Amino acid sequence: MAYKSVLKFLRTNAVWIVCAVLFFVGTFALTRFTHLFISPDETANAFFVRAFAHTGSFRVFDAMNIAYEGILHPRSIITDGAFLLPVSFLGLTLLYGSLTALLGSWSLTLITPTLVILAAFAWNKILERWFSKRIAFISSLLLLFHPAVWYYSARGLMPNVLFVCCVIFAAFFLLHFNNKKTPPSTTLPLHHSFTFFLSGFFLSLALVVRLSEVYWLIPLFVALLVVERKTFSLRKICFLAIGFAIPMLTLLFFNFKTYSAPFMTGYSFVSSMQRVTTTTRSEDLLSWLLPFGFHPRAVFWNTRDYLLLLFWWLTIPTLCALPIVWKNKKQKMYLLASMLVAFWLCIWYGSWRLNDNPDPTQITIANSYVRYWLPLFVMSTPLIATSMTWISECARSKKHQTILLFSCLLLVVALNVRIVYLEGQDALVRVVATLQRSEEIRDEVLTIVPENGVIITDRSDKIFFPGRHVLVPLRSEKTFAMIPKMLEQTPVYYYGITFPQIDLDYLNQQKLGPLGAQIEFIQSFGVESLYRITRP
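Be aware that the sequence shown starts at 1, since it is given in the working numbering, and climbs by one per residue.
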C-alpha cells in the first residue's frame, strides 16, 4: 500500500517534482565555494554559523585584538574588546549553525534551497484558499523560478529567503489546517492544535531571522487571526503563543550571551571601546519607526528601478491581473493585504540610499533592494498566474489552452534564467568567475602574508578573512593611528586598487611618513595590487 501511495504521489505531482529538482540543481552554481563569498554579509554569516556549530557561541575570541583595541575585523562583524561578534540578527546563524552541527558542514549550502522547495509546496496550499487550484499550482512554480528567489537561494547565506520561507510556513500551518468545517472545539485531536504551535513557532522564527520586518508582519497575522476568529479556540491560541515564545526566548537568551543584553542586536550594539551618544526621545521614536528616514524621491526611483522595471516581464502580468482579481471578493482581500504590505516596504526600504555596487548607476539583481522586497515578489505570483490563466483561456480547446499556458510559463522561466545566470555583472555565471579569480588571488596572497600578518583593505576583506586578520579601511584616521603600533609586533600589508605613483608619494609623504612608516609595492593582481607597509 505504501508503495502504491508513493507511485500515486509521483504521478500526480510529476510536474511539480521535476520543477523542484531543476530549481534545486540550479542553485548549485556556488556550492563549491564553501569558504569564499561574494559579499561581507555572507562571509560573516558563514563564519558565525561554523563558530556556533563548533562552540555553541557567537562570541569568537581573537587574541590580537587585545593589543589593537578591537580594530581588526571585516565588515559585517563588530568587536567587543577581543571578541568578534555578528552585526546581523542572530536568527540565520542560530538556525543554520544548529542544523550544520546536527547534519554536518556539508549541509550548509543545501539548507536554503531545501526550505524554498518546501515553502513553494506550502504556498500552493495557502493560495488554494483564495484562488483556483490551477492558479495556486502555477504560483508555486513561479515562486520556485522567480529570479529574486532563485538568485538568493543560490546565495543562501543571506537571511531574506529564509525569512520568506518561515512566513510561508507560519501562514500554512495557520490557514491550511484551519477551516470553517473544523469547529473551534477543545475536543479536537491534539495534533490539530499542534499546527497552531508550529504556526507560532515559524512566525517567531521569521522575526528572529529579520526582526526589522515586525512592523508589517505582526499586523498581517493579527488581521488573519481576526478574519479567521470564528474557527479558533482558546486552546489553539495558547498553542500559537507557546510556539511563538520558544524562538523568541531563545533569541533573547543568545542576545544576552552575545551582547550582554537580551534586547540588543548587532545593529544596536555599542562596543565597550566605542563612545556612547545620546539622542532625544522624539529622535529615538522616529529612528525606530523609520530608521532610514522618509525620502519620497528615493522611494519613487528605487521602486521604479527595482520593483517594477528590473523584472518587467513579471511586472506587466502582475499589473494586468489587478482588475481581474479586484472583481473577486476573496481575492480582493488578498490584493488589499498585498498592497498595504507593498506600501510599507516601499517607504521603509525605498527611502534607504544603498550603494552595494561600486558603480551606483548599475541596477542589478544583487542590489539589496531586490532581497528586501522579496516578500512583494512572492505575493505577486498569484497575480502573474492569474494573467497567464486568462491568456490561456483565450484558446478554444483545452489542449490549446494547456499549450498556451505552458508557453507562457516557458517564456517567463527563460527570461528568469537569463537574468539569474547570464545577464549583468552580478549574474551567477559572473559570480562564479569572480569567486574563481578571488580564490586564486587569496591563495597567492596568503603564501606571501604570514599567518600573523594583517591585511588592510577597503573591499577585499571578504576574500582574506578568516584566513588572515583584516582591517577596514585604509583611508581612516583610526587605521593610520594604529599602523605604528601594529608595525612593532606584526607584518602589515595593504591590498586594493593599484595606486598611481602620485598616490603612493602622497601616502608616503603626507600620511605614513609622519608616522614613521612607508608603503611599497609587492605584487600586482590585475587592476589590484598587494603592498607592504614597513618602517623606513
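For each residue, glycine too, the CB sits at the ideal point set by N, CA and C. Quick caveat: nothing in here was measured; it's all calculated off a predicted structure.
### Query
Residue range of the alpha helix (DSSP H) that residue 350 falls in?
Element bounds for residue 350: 329-350.
### Query
Can you tell me whether residue 53 is buried or exposed, with buried defined as 16 or more other CB within 10 angstroms of its CB?
That one is buried.
#### Entry: Cα-Cα separation, residue 327 to residue 497
When the Cα atoms are used, residue 327 and residue 497 turn out to be separated by approximately 57 angstroms.
### Message
I need the DSSP call for residue 469, collapsed to helix, strand or coil.
### Response
Strand at residue 469.
### Query
DSSP puts residue 496 in a beta bridge; with which residues?
According to DSSP, residue 496 bridges with 529.
### Query
Among 312, 34, 19 and 340, which residue has its Cα nearest to the Cα of residue 466?
The option with the nearest alpha carbon to residue 466 is 34.
#### Entry: N- and C-terminal bounds of the alpha helix (DSSP H) containing residue 49
Under the DSSP assignment, residue 49 falls in the alpha helix (DSSP H) whose first and last residues are 40-55.
### Query
residue 80 lies in the alpha helix (DSSP H); which residues open and close that run?
Unbroken run through residue 80 is the beta strand (DSSP E), 77-80; no alpha helix (DSSP H).
### Query
Does the Cβ-Cβ distance between residue 315 and residue 346 come in under 8 angstroms?
Not a contact, by the Cβ cut-off of 8 angstroms.
### Task
Could you tell me the distance, in whole angstroms, from the CA atom of residue 312 to the CA atom of residue 452?
Pairing residue 312 with residue 452, the inter-Cα distance amounts to about 50 angstroms.
### Query
Since residue 83 is in the beta strand (DSSP E), which residue starts that stretch and which ends it?
83-86 is the span of the beta strand (DSSP E), which, as asked, contains residue 83.
### Task
Examine the Cβ distances between the stretch 160-167 and the stretch 204-224 and report whether three or more of them are shorter than 8 angstroms.
Touching, yes.
#### Entry: 8 angstroms contact criterion, which residue 162 and residue 209 should meet: CB distance rounded
Contact holds; Cβ gap of about 5 angstroms.
### Assigned exposure category for residue 19 - 16 Cβ within 10 Å defines buried
Buried, by the Cβ-count rule.
### Message
Please identify the residue among 365, 196 and 223 whose C-alpha is closest to the C-alpha of residue 234.
### Response
Just measuring C-alpha positions, the residue of 365, 196 and 223 sitting nearest residue 234 is 196.
### Task
Under the assumption that residue 130 contacts residue 331 (Cβ atoms under 8 angstroms), give the Cβ distance between them as a whole number of angstroms.
Right, their Cβ atoms sit about 5 angstroms apart.
### Task
For residue 215, count neighbouring Cβ atoms within 10 angstroms of its own Cβ and tell me buried if that reaches 16, exposed if not.
So residue 215 counts as exposed.
### Message
Taking the beta carbon of residue 370 as the centre, do at least 16 other beta carbons fall within 10 Å, making it buried, or is it exposed?
### Response
Counting Cβ neighbours within 10 Å, residue 370 comes out buried, since at least 16 surround it.
### Message
Out of 251, 217, 522 and 137, which one is the CA nearest neighbour of residue 342?
### Response
If we check each option's Cα against that of residue 342, 217 comes out closest.
### Residue range of the alpha helix (DSSP H) that includes residue 315
312-326 is the span of the alpha helix (DSSP H), which, as asked, contains residue 315.
### Query
How is residue 524 classed by DSSP in three states: helix, strand or coil?
Strand at residue 524.
### Cβ neighbour criterion (16 or more within 10 Å) applied to residue 261
Sixteen is the threshold: since fewer than 16 other Cβ atoms of the shown chains lie within 10 Å of the Cβ of residue 261, the residue is exposed.
#### Entry: Stretch-stretch touch, CB-based, cutoff 8 angstroms, three pairs: the stretch 67-76 with the stretch 131-146
The count of Cβ pairs closer than 8 angstroms, one atom from the stretch 67-76 and one from the stretch 131-146, stays below three, leaving the stretches out of contact.
### Query
Do residue 63 and residue 51 have their C-beta atoms closer together than 8 angstroms?
No, the Cβ-Cβ distance between residue 63 and residue 51 is not below 8 angstroms.
### Message
Taking a contact to mean a Cβ-Cβ separation below 8 angstroms, would you say residue 356 touches residue 368 in this structure?
### Response
Yes, the Cβ-Cβ distance between residue 356 and residue 368 is below 8 angstroms.
### Task
Tell me whether residue 400 sits in a helix, a strand or coil according to DSSP, three-state version.
DSSP places residue 400 within a helical segment (H, G or I) once states are collapsed to three.
#### Entry: Alpha-carbon spacing of residue 457 relative to residue 486, whole angstroms
CA-to-CA, the gap between residue 457 and residue 486 works out to about 15 angstroms.
### Message
What does DSSP give as the partner residue(s) for residue 454 in the beta ladder?
### Response
Under DSSP, residue 454 forms a beta bridge with 469 and 492.
### Query
How is residue 61 classed by DSSP in three states: helix, strand or coil?
If DSSP states are grouped into helix, strand and coil, residue 61 belongs with the strands.
#### Entry: Contact under 8 angstroms by Cβ, residue 147 with residue 384
No, these two residues do not count as a Cβ contact at 8 angstroms.
### Task
Can you check DSSP and say which residues form a bridge with residue 534?
Bridge partners of residue 534 according to DSSP: 518.
### Query
Which runs of the alpha helix (DSSP H) spanning at least 4 residues fall entirely within the stretch 125-173, listed in chain order?
Complete alpha helix (DSSP H) runs here, min 4: 133-145 and 147-154.
### Message
Across the stretch 290-308 and the stretch 101-120, are there enough close Cβ pairs to call them in contact, namely three or more that are closer than 8 angstroms?
### Response
Counting Cβ pairs under 8 angstroms, fewer than three are found: no touch.
### Message
Do residue 60 and residue 84 count as a contact pair if the criterion is CB distance below 8 angstroms?
### Response
Judged by their CB atoms, residue 84 and residue 60 are nearer to each other than the 8 angstroms cut-off.
### Query
Three-state secondary structure (DSSP) at residue 278?
In this prediction, residue 278 has a pLDDT of 45, which is less than 50 and means its spatial position is unreliable; what the coordinates show is noted afterwards. Reduced to three states, the DSSP call for residue 278 is coil.
### Message
Within a Cβ cutoff of 8 angstroms, which residues of the same chain sit near residue 280, ignoring the five residues on either side of it in sequence?
### Response
Here the model assigns residue 280 a pLDDT of 47, short of 50, so the residue's position is not dependable, and the following value carries that caveat. For residue 280, where only same-chain residues beyond five positions count, there are no Cβ hits under 8 angstroms.
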